[in-house]
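Read the structure below first, then the notes.
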């Protein structure tokens, strides 16, 4: 919401609400950045400013989700209690001295600080109680994009020490688990535990990353309990994740406190708009509670913290985006945000309205889409998506690999470009499936049973306890198909490399072992181009010297030395298969490998024959009818052979015969209901 | 001056003075880095060392400008009063904790510190009084290349708070002007004002940049008053700017304290020597007081703070440099410095003499030039330069754009290579004019009347109050020609984006409006190459989606999406025109656009027909005669058609007929007096 | 040694010792990182854990070198005495505030700290006394890869001040020597001496670098005295240098405290394996005491502090490495380390055994080599290497050039890639000699006589006192041949540029002088390709404008301006020659120049006719017999003409006739004993 305008607030509020209503918007999310408005001075509370807005929304029939405003401190609090500001560990392999955050940026606090908890609780109780019976307020959002903020304040550190005491029992046991004999740093008293700042212990770093996650979980569970204690019975509780697969948030654990998951997804636009990143984030969101979810924020006009990354969507992309989310299991799509802000960090993170607050190209497209949804929304919402392929996501592996990266040039795949050796593989896998029009779920290390899936993909499972490796082996033995990459099974739950032949407990199921590995200084070809990848017949960064024991070699390096060992093997084990990639494949090779494994698992069909620009999603709606979304993610018109039972295109109401040819305009789609 | 040599000082002093005299030098500038010599211990003063030098100069007929030595602290002061050392804000979008400067580097103090002011005043009073009646000392230089040093010490911060109290009245008014509601950071007491360190408020950052400028202005005005109080009546007061267009110095405001402006200009040499940067700096210097100025420092042999950027001038460049300055309005040219220093940071910032202190190639060329000037100087000095084109320079826009850059790859154009999205446009404009042999003045936002100019160039006027925009509109209405670029009129004086259709109050005069803009991920061509720029027909970085309302579209993007909007428009408004560039043009396109606008304004002629390597400057000397400088900035001989009235080449005394062909040797010139 | 395993320690120890014995290993080095095991709590000592290991080794006939474990602090000490942690100067031209090290990384202490010295002495006394009579323990290693750790704690700073007082006498003398008048920073009391943190004084920086070296020397001499006081008479004392040519260690001075020098050499492998870096490091090690030395660490499987630089050797390279060291004067080769560590910073710095602790490819190759050496070792050890070429190494020049680098792009030549303008030239010189199969010694500035060598190479001798320059001149005059590069003779021992024509006292011998120099913005060709270097006929970065006075010009720049001065000159002076390179030559040109000078000195022969992949080393063994090592450093088989007297290949025992053709398999060698 624009909170201050050159003209009188009241006048603008009416205009905004009228514009929203005219556009067909039905819900707004407010309040998350407003602590200093609710509580301008310590202990003085004000609701009138928000009452006025909520009332106006209510009158217009627009529902409201309110956020607890705890992620950004008011200035008076930072001045009175500077100990609330986070002492942050600088990034980098060797850390460095934690330094006190400066005031200004949001998300700069130690959420464990007693002073902060006191203030947060008092405010939350006031606000939630105030709106508990307001029918316009349908739900509560806890905080905003919560993270650990790398806080390492004394209370965080001492909490960590107590956590270690409970987990390891004695300093000697800890020293042994973390191999602190290394460089003579083992402990005999808990008081000698060094700070996180400069530690080089891989065990310490991994456990600290878990502690950071536990702190986020604890904080949000605490807020959830608090809000539920005060809220109305019909008001739901959610929190908006700041995108999924953040290394300092245990997304599954947080989700247990929520009625419904919400995600803020920002993605590439213009020539980078292809739906794949949205699908990745949606698949992850849906997998947390095995349920549909909300999109609380996504690109409106442009994003970026400066004026240097402004890429407003091409015509059609804003509308297609909404359907992309619905097709992937979202039950709501909201933007950040309604109107552009005149100043400060997000001046150029533009809302639906530009700074002039007039209707515009984005408004028109949002409005068109909202009006479509007023008609066909009931047929789309609550889509049930069922997948037969799962990707095993290991947050511990992501963290541990970041402490010991296996290659500087490993491509980042997210639109934000942050390098991450683990996510790079996860996202390559998901993108290959997406390009093959195969839906995927995510599963987590705690999963006790993978049998719901025909194909399990295991990217770089660097960290795992023996039990998980055993479950994967059992899954294969019992008929499951696994595609697994390098680094899997290497280290145990304390980031200690196993003292047995790699890949440890997976050796039997994988049918290979190895003692050696090498970085690849230059990309290598696979001998004979076994997967017809042409110029893309290259592997990079990493090569394990795989020794087949029961496995079959599928491909060898084209090199006088590395060529002695296979690059990819496949093992028949029990009634399943385990395909092992000992190297980092090109995207083309990865897609070829997955296509091969999908075929073996009987998961391919007509969806794998579509043009490259077209993506298809399937699901069953609340009425029990099957929906088929066909998206054209390109600037050109495309024709598609429709391969399912006769139905109708919900967007234009026209019937679609079996084997009909669909014509999709640029950045347009068809939604066929059988 | 070499201050210490292996041989006896006296002997060397005589030799230096003799060499200077033989070279024809007439003035030296001394003393600016010498606090510890004047005051070796707290309160103990020594003048003898300088008296000896000033006397020797006086005897040789060489005049002296003395600098107040306040820009570099003596070691004893830093030890006794470490609070004088500046607490510096680190650079970067998000700042960070201010840290106390270390001793060693110069320009590391908080110039507001009472201790510093006490010491500076005591010393200045002593020195100036000592030389007030010395006829050799003709003027005083205040400090040296003064800046804000990013100081954010407590006294600076509290001063800023008081400044805000006066400017905004209440914390609520401030919060409203700066949109501090954003992230819930608004203020209700002045005491809660956060430090500059980590602020993300664009309003705060802009006002702090002004405060930094005000501190520099205040400090130099204070020194000027002090020096004038003590100095002799005939001694002038100047300060040597550390080049113009620094973002933390309000050059116009500082100039009001001075009798004459002085500038230190360092520029590219060897293959990068073309006179353009000198012209830029001179045009700016001249515009501050609408008067001629001094060059207090420029390249002697080589520059650089290490041994890695040593590029001594090719033969002829040192001599041509002197005339380049004179042709642009300088009344004096001095070098930094006479002799090379044997140690420390500027060991490789070489003077006219190398470390051997013997005559050399540079000395010979300086000497040749000085002897020429002994003859023809009186015909050259005091040149009046009158221009019909002005560039509007907005320091606020430079700062505000640096907080919100519009493109990472925007080319830096200064020889120093510092990236700056605003200066990049300013310098492109000036360079295009320079290449077209069109002289330009700079005007500033405070200017109340632009009518002295036929063409006003307005680069990226991101920050401006409504009144300035109105003055520009009025200028157009009354017959002025304006060339204006993207981002102009966007934000108000508090860096808040206007809540009306862009470009705000300029909309009527520009005849366009826009609601959207985009970065350009890749350069785009203009459709149909409308300005015959060939390979240079490209625009980059930024595109506003201009909607012509009254304006004519001059060029469109060659792109299926961006092509819907024009890239360049022109509007006839009143009796003038406003040409608006919604994108960043290639240099070739910018030159073509300006050539077109200059033609429309009737400002082109034979000067626009010269070979590329040749640059011409015109002016009227003190005798009222017109001078025409023709420079050859290349390694090859060139021939030029002389297009003015018959006269004589002052350099060789030979007559030059109307329509004569001048032959210019490499890095040589002709100066024709009509 | 693996210090903790999932299975019982005892069991693993027996297995390790058995594997070592089976492999033919005869000595292990232990204990250097184990302070917390020796002294788990302040003042409580434990030896049993090591006794058990030493006993096991003794029983297996494996000798032990024990390290004093002082280079890594136990956690309890860092907590109790945080003042031991080093206050480190950040790198960079302008330094910055020294910051206290964090605990975690090793080598983070102020080795001057009294608390540290107290603890270190107590522990050393305990350990050494405990093993003084143990016949298995043959020697002591002091600390590990000791450096200055950039410590600038108060005691270090005050020590430096006292050092300056003694060296310079008065603050005025210091100020004069360091040209502190510059920026008015001269001193009149010692108390005003500024910290090292932000100094820009080149004299200060150089002297501080010497002080850092002196501290390392003092610390290791102190340990040597201490260890000798406690150790058994037959136990030797060494320290393992962390590679040679570190700028903060005076390697010659340290060596005076040692019975034998030891070096840890890590080098390129796979396609980067050519023996040249090993030869460089060995030549330097041998030159310290003019005696053979130990290799205490070298690459086993892979190295690197992350998983991103793993390059296990190709087959044959591990074995060839051992002989490479022996051929260069090593008397022992040890690896770091026996077995790979399961966690922490060196998880991927893999030992001979992988994490599975089973025999593997590396173990097999090490074992093969050790068994060979059991047979032929007595003929190889103690090889006397005598060279006729020396390279003058100036640590001061390395430091001073790092403060004033002459070119950002100057290629780094070490495998670690650290940029260093001085080392780049030194290593280029050594590599050229290596490629020419010419052995070289290093000599140091203190050397009083170079007459043992026919050719003296002087790279960039930026810092030197007059006396050294005089000795070089005398060497030439008396018939020596010198190849010298740019920057030599430029500054005196206080890093002050000489106030005479460069190259100062070398002018007469060099037969040239210069007053000017330039960086080269682009590489230039030498006119007419005088050394037939083809595409490699290029010089870069730096050009002195040499004025031949007596010298002959050997090559000119192909450039209209720079071409006025020669790039390379040669002077006949007395009965010797001095060849001067005023620019940075390509490797090819450097090799051509050195070949030319070697020919003139009569140092070339059949060794210069060998194929490029083959390297030859000569020496005389303890039996007085000449050995000729022929190495094939390539993946292909090569044939070599043997050019010495008939003998036998020690590796296969077969006779080798005069003029025989040797066939060398990939990464294999022949050792011919005459």
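Protein chains in written order, with my numbering: chain A, 2 to 675; chain B, 2 to 675; chain C, 2 to 675.
Ideal placement from N, C-alpha and C gives every residue a C-beta, glycine not left out.
In its own chain, which residues sit with a C-beta less than 8 angstroms from the C-beta of residue 657/A, not counting the 5 before and 5 after it? Hits under 8 angstroms: 643, 647, 648, 649, 650, 663, 671 and 673.
Closer than 7 angstroms, CB to CB, is residue 299/B near chain C or not? no
Between residue 675/B and the rest of its own chain, which residues show a CB-CB distance below 7 angstroms, the 5 nearest in sequence each way excluded? 626, 627, 645, 646 and 648
Does residue 502/C have its Cβ less than 7 angstroms from a Cβ in chain B? yes
Drop a sphere of 10 angstroms on the beta-carbon of residue 226/B, count the other beta-carbons inside from all chains shown, and report buried for 16 or more, exposed for fewer. With fewer than 16 other Cβ atoms from the protein chains shown falling within 10 Å of its own Cβ, residue 226/B counts as exposed.
Which of helix, strand or coil DSSP assigns to residue 392/A: The answer is strand: DSSP assigns residue 392/A an E or B state.
Could you work out which residues of chain B lie near residue 516/C, taking near to mean beta carbons separated by less than 8 angstroms? 355, 357, 359, 361 and 362
On the three-state DSSP scale, how would you describe residue 669/B? coil
Let's test the definition: count the other Cβ atoms within 10 Å of the Cβ of residue 685/C and tell me whether it reaches 16, buried, or not, exposed. Nothing in the structure corresponds to residue 685/C, since chain C is present only between 2 and 675.
Taking the beta carbon of residue 193/C as the centre, do at least 16 other beta carbons fall within 10 Å, making it buried, or is it exposed? So residue 193/C ends up on the buried side.
I'd like the span of the alpha helix (DSSP H) that includes residue 55/A, first residue to last. 49-61
Look up residue 221/A in the DSSP assignment and say whether it is helix, strand or coil. helix
Per DSSP, what kind of secondary structure is residue 524/C in: helix, strand or coil? In the three-state scheme derived from DSSP, where H, G and I count as helix and E and B as strand, residue 524/C is classed as strand.
Of all the alpha helix (DSSP H) runs that stay within the bounds of the region 254-306 of chain A, which reach a length of 4 or more residues? 277-290
Segment contact, 8 angstroms Cβ cut-off, at least three pairs: the region 167-184 of chain C with the region 85-102 of chain C: Counting Cβ pairs under 8 angstroms, fewer than three are found: no touch.
Which one or two residues does DSSP pair with residue 577/A in a beta bridge? 574/A
Suppose contacts are defined by Cβ-Cβ distances below 7 angstroms. Is residue 516/B in contact with residue 260/A by that definition? no
Whose C-alpha, out of 244/A, 465/A, 129/A and 176/A, is nearest the C-alpha of residue 41/C? The shortest C-alpha separation from residue 41/C is found at 176/A.
Hey, how far is the Cα of residue 63/A from the Cα of residue 26/A? 7 angstroms
Buried or exposed: which applies to residue 159/C, given that a residue is buried once 16 or more other Cβ atoms fall within 10 Å of its Cβ? exposed
In or out: residue 361/C buried (at least 16 other Cβ within 10 Å) or exposed? buried
is_contact[residue 311/C, chain A] using C-beta, thresh 7 angstroms: yes
Taking only runs that begin and end inside the region 480-524 of chain C, name each unbroken alpha helix (DSSP H) of 4 or more residues, in chain order. 508-511
Have a look at residue 405/C and residue 97/C and give me their C-alpha separation to the nearest angstrom. 17 angstroms
Near residue 212/B, what residues of its chain come up, given a Cβ to Cβ distance below 7 angstroms and the 5 sequence neighbours on each side ignored? Once the five neighbours on either side are set aside, the close Cβ partners of residue 212/B are 161 and 164.
Just the Cα atoms here: how many angstroms apart are residue 531/A and residue 319/C? Across the structure, residue 531/A and residue 319/C are spaced so that their CA atoms are roughly 33 angstroms apart.
Among the residues of its own chain, which have a CB less than 7 angstroms from the CB of residue 659/B, if the five just before and after it don't count? 646 and 647
Reduced DSSP category for residue 620/A - H, G, I as helix; E, B as strand; rest coil: strand
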